[in-house]
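For the sequence shown, our numbering begins at 16 and goes up steadily by one. Notes to accompany the following structure.
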Amino acid sequence: MSSNKSTPGQRFRDAVASEHPLQVVGAINANHALLAKRAGFKAIYLSGGGVAAGSLGVPDLGITGLDDVLTDVRRITDVCDLPLLVDVDTGFGSSAFNVARTVKSMSKFGAAAIHIEDQVGAKRCGHRPNKEIVSLQEMVDRIKAAVDARTDDSFVIMARTDALAVEGLESALDRAAACIEAGADMIFPEAITELDMYKLFANRVKAPILANITEFGATPLYTTEQLAAADVSLVLYPLSAFRAMNKAAENVYTAIRRDGTQQNVIDTMQTRMELYDRIDYHTFEQKLDALFAAKK
């Protein structure tokens, strides 16, 4: 077992230790990962709902497969060295072998951390009604399988529980404690409705707690100051940029179709030179020019 300082998992743990609470922002693709790094974030996130809606154009209802997510993981980790937390839903399969394969694959493709949840296989968005969860024992088995599958001790296994909306606070707290006992490193209590609840989780498990501050959901848009006071260690903004990007695209499509020109929405666009700057285009071009010059 390696726990080299330079592993993605160790970089994620270091980021959690260095920023209180750590802001983890969703990056829907490799380009956004670079933009997030440029903005100063120390860790990024790939949302399962984002892969479903963004890469596949389908709802977040357990339709996505492991390979769909791995494709996006690889593209992000190929160009961005920020530690990446990945949503692996329920583990992409019904057995411990599936969970193990998911963990090994995520680690191999450069992810730093995963979160795995206690919903049934036919899962739903955590902020939608009629969620169903597996038994506490089945969730503990998922965590044990994930922990056992690690080839690198620093790789982070985060347990997400959706129990609050289904069985109430006490059940969610019990599940969080059982997951930590089974070897989980951090806890993600989903769809929290009151700020003080986070403190209860932190007191109960004595491990880092993640607050999912997603827009238009069950959780109010608490600030980092409020969350720090509630003993939250990580704050997640899973789809904020994705939502803005989608709205911008809709507005541009509507305007071009309506006006017969893009002139009225030019001011909402990233310029060509801004794009080239963000993806370091000119460095690539200079290498190409040097190669051509050498051949002459």
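All residues carry an ideal CB built from backbone N, CA and C; glycine is no exception. Given the structure is predicted, the values throughout are model-derived calculations rather than measurements.
Note: T176 is bridge-paired with P204 in the DSSP secondary-structure output. Here S248 is buried, its C-beta having at least 16 other C-beta atoms within 10 Å. Secondary structure of L85 (DSSP, three-state): helix. Membership of G41 in the beta strand (DSSP E) is indicated by the continuous run L37 to G41.
For A226, the enclosing beta strand (DSSP E) stretches over residues L225 to N227. If you ignore the 5 residues before and after T79, its C-beta comes within less than 6 Å of the C-beta of V66 and A67, all in its own chain and listed in chain order. As the crow flies, the alpha-carbon of Q277 is around 9 Å from that of Y268. About 5 Å separates the beta carbon of V39 from that of A58, a gap short enough to meet the 8 Å contact definition. When secondary structure is reduced to three states using DSSP, D133 falls in the coil class, being assigned neither helix nor strand.
The alpha carbon of R89 has as its nearest neighbour, out of S120, F107 and S110, the alpha carbon of S120. With respect to the 9 Å criterion, I172 and I224 are not classified as neighbours on the basis of their beta carbons.
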